[in-house]
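S.K.: I am attaching a structure below and will ask some questions about it afterwards.
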Amino acid sequence: MKIGLSRPYADPGHPIADVDMGEICQIAEEAGLDWVTYGHHTIRPLDEPVLPPHFGVPLYLDPLIGAARALAMTKRIEVSTSVLIMPMQHPVVVAKQVATIDRYSGGRFSLGLGVGGASRLEIELTGGSFERRWDYTMESIAVMKGLWTQDSFTFDGEFFKFPPTLLGPRPLTQPHPPISLGGFNDRVLRRVATSCEGWIPVYHNDRLAFGEGSGPENLKESRAKLHRFAEDAGRKIDHFDISVILTRSPNWTLCEFMRMPEPIASP
1 MKIGLSRPYA
11 DPGHPIADVD
21 MGEICQIAEE
31 AGLDWVTYGH
41 HTIRPLDEPV
51 LPPHFGVPLY
61 LDPLIGAARA
71 LAMTKRIEVS
81 TSVLIMPMQH
91 PVVVAKQVAT
101 IDRYSGGRFS
111 LGLGVGGASR
121 LEIELTGGSF
131 ERRWDYTMES
141 IAVMKGLWTQ
151 DSFTFDGEFF
161 KFPPTLLGPR
171 PLTQPHPPIS
181 LGGFNDRVLR
191 RVATSCEGWI
201 PVYHNDRLAF
211 GEGSGPENLK
221 ESRAKLHRFA
231 EDAGRKIDHF
241 DISVILTRSP
251 NWTLCEFMRM
261 PEPIASP
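In the UniProt record's numbering, the protein residues as written are 1 to 267.
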């Protein structure tokens, strides 16, 4: 098990600057922690009605630029996004950025993806489709993995069509940096089991955020489901990383981050 920190979900506010990811990672590394992870949002629509637990789009710094800064300022600690909102991104650009960060850092970066939640308009104003956000995200994962691993990559999907294409340099991590998905239900677990290497649940005071069940109970059940869903899909991998974010404040201002490699063969 690896222990680390998650960027607080609380909004830093305007015009207060967000936390410096590089400085946080230096402090975490000096303290002996293993990981730091950071969330992603872009712009805040001011007139959009937003329901709790979100109170408007948080005003975060860019997580990929922050990860590059943090990894350049440290030597050992690992950094991830938790999560990068994929419906607001183009997979070719993200594939290039992640490959570059992975090489510069010596393989200390992992990519956590999600589909948003704070705002419908945030996704739409950056060119994404709110209704098709999961379909776009899963197709984007297939595109990125193809670009990272194939010398002549072709693709014919709903959102992307590629003639023979090469992306280089390749990531240092082979076959590619691990991809995890954030979410709270069986549909997310099925997507992880068929297409990804890890799952990112969030627990608020030991209860699954936006769902039922305590942290230990949910993890035990979810590990079994990941195993079963992977077998159903005919997929064989050594383990899934379960990256657990624990929030212990009613305002979601303090988080802990635990990364647990879970062998698929385990019950």
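Note that CB positions come from ideal geometry on N, CA and C, so glycine has one too. Here the structure is a predicted model, which means the values were calculated and not measured.
Evaluate Val244 with the Cβ neighbour count: other Cβ atoms within 10 Å of its Cβ, from every protein chain shown; 16 or more gives buried, anything less gives exposed.
M.R.: In the sequence shown, counting from the first residue as 1, residue 244 sits at position 244. So Val244 counts as buried.
S.K.: Quick check on Ile245: does DSSP put it in helix, strand or coil?
M.R.: Working through the sequence shown from its first residue, we reach residue 245 at position 245. In the structure shown, Ile245 sits in a strand (DSSP, three-state: E or B).
S.K.: When the Cα of Phe160 is compared with those of Leu71, Trp148, Thr137, Glu217, which residue comes out closest?
M.R.: Locating residue 160 in the sequence shown gives position 160, where the first residue counts as 1. Taking only the C-alpha atoms, the option nearest Phe160 is Thr137.
S.K.: At a cut-off of 6 angstroms, is Leu121 close to the ligand MN when judged by its beta-carbon and the heavy atoms of the ligand?
M.R.: Of the ligands one can find in the structure shown there are none, so the ligand MN has no counterpart to examine.
S.K.: Would you mind working out which of Gly215, Val202, Pro58 sits nearest Leu5, comparing C-alpha positions?
M.R.: Counting from one through the sequence shown, the residue named residue 5 turns up at place 5. Selected option, being the one with the closest Cα: Val202.
S.K.: Could you tell me which whole alpha helix (DSSP H) segments of length 4 or greater appear in the segment 20 to 74?
M.R.: 21 to 30, 63 to 72
S.K.: Looking at Ser110: is its Cβ nearer than 7 angstroms to the Cβ of Leu71?
M.R.: As a position in the sequence shown, residue 110 is number 110, starting the count at 1. As a position in the sequence shown, residue 71 is number 71, starting the count at 1. Going by C-beta atoms, Ser110 is not nearer than 7 angstroms to Leu71.
S.K.: Do the CB positions of Ser82 and Ile200 come within less than 7 angstroms of each other?
M.R.: Counting from 1 along the sequence shown, the entry for residue 82 is found at position 82. Counting from 1 along the sequence shown, the entry for residue 200 is found at position 200. Yes, they are a contact pair.
S.K.: Give the DSSP-derived three-state secondary structure of Asn251 in the structure shown.
M.R.: On the sequence shown, position 251 is the one that residue 251 refers to. Confidence at Asn251 is low in this model, with a pLDDT of 43, below 50, so the placement of that residue is unreliable and no value is reported for it.
S.K.: For the alpha helix (DSSP H) containing Pro175, name the first residue and the last one.
M.R.: Counted from its first residue, the sequence shown places residue 175 at position 175. Pro175 -> no alpha helix (DSSP H), and no H or E assigned at all.
S.K.: Just the Cα atoms here: how many angstroms apart are Val192 and Thr126?
M.R.: Here residue 192 refers to the residue found at position 192 of the sequence shown. Here residue 126 refers to the residue found at position 126 of the sequence shown. The straight-line gap separating the alpha-carbon atoms of Val192 and Thr126 is approximately 25 angstroms.
S.K.: Along the chain, where does the beta strand (DSSP E) that runs through Lys161 open and close?
M.R.: One-based indexing of the sequence shown puts residue 161 at position 161. Per DSSP, Lys161 belongs to the beta strand (DSSP E) from 161 to 165.
S.K.: Touch check for the segment 154 to 171 and the segment 179 to 193: three-plus C-beta pairs under 8 angstroms?
M.R.: no
S.K.: Compute the beta-carbon to beta-carbon distance between Leu64 and Ile101, rounded to the nearest angstrom, for a pair I have assumed lies under 8 angstroms.
M.R.: Stepping through the sequence shown from its first residue, residue 64 is reached at position 64. Stepping through the sequence shown from its first residue, residue 101 is reached at position 101. Their Cβ separation, rounded to whole angstroms, is 7 angstroms, which keeps Leu64 and Ile101 in contact under 8 angstroms.
S.K.: Once DSSP output is grouped into helix, strand and coil, what is the label at Ser110?
M.R.: Taking the first residue of the sequence shown as 1, we reach residue 110 at position 110. Looking at Ser110 - three-state DSSP - the assignment turns out to be strand.
S.K.: In angstroms with no decimal places, state the Cα-to-Cα distance between Gly117 and Leu33.
M.R.: By 1-based counting over the sequence shown, the position of residue 117 is 117. By 1-based counting over the sequence shown, the position of residue 33 is 33. The straight-line gap from Cα to Cα measures roughly 29 angstroms.
S.K.: What residues match up with Ser180 in a beta bridge as DSSP calls it?
M.R.: The residue given as residue 180 occupies position 180 in the sequence shown. According to DSSP, which records beta bridges pairwise, Ser180 is partnered with Gly112, Gly198.
S.K.: Within 10 angstroms of its Cβ, does Met1 collect 16 or more other Cβ (buried), or is it exposed?
M.R.: Translated into the one-based positions of the sequence shown, residue 1 becomes position 1. By the neighbour-count rule (16 or more Cβ atoms within 10 Å), Met1 is not buried but exposed.
S.K.: Specify the secondary structure class of Ser82 as computed by DSSP and reduced to three states.
M.R.: Counting from one through the sequence shown, the residue named residue 82 turns up at place 82. Ser82 falls in the coil class under three-state DSSP.
S.K.: Look at the alpha carbon of Arg190 and the alpha carbon of Ile27, and state the distance between them as a whole number of angstroms.
M.R.: Position 190 of the sequence shown, counting from 1, holds the residue named residue 190. Position 27 of the sequence shown, counting from 1, holds the residue named residue 27. So the two alpha carbons sit approximately 36 angstroms from each other.
S.K.: Only counting the same chain, and skipping five residues up and downstream in sequence, which positions put a Cβ closer than 7 angstroms to that of Glu124?
M.R.: Here residue 124 is taken as the residue at index 124 of the sequence shown, counted from 1. Answer for Glu124: Phe130, listed in chain order.
S.K.: Out of Glu158, Phe153, Leu147, Phe155, which one is the CA nearest neighbour of Pro177?
M.R.: Here residue 177 corresponds to residue number 177 of the sequence shown, with the count starting at 1. Of the listed residues, the one whose Cα sits closest to Pro177 is Leu147.
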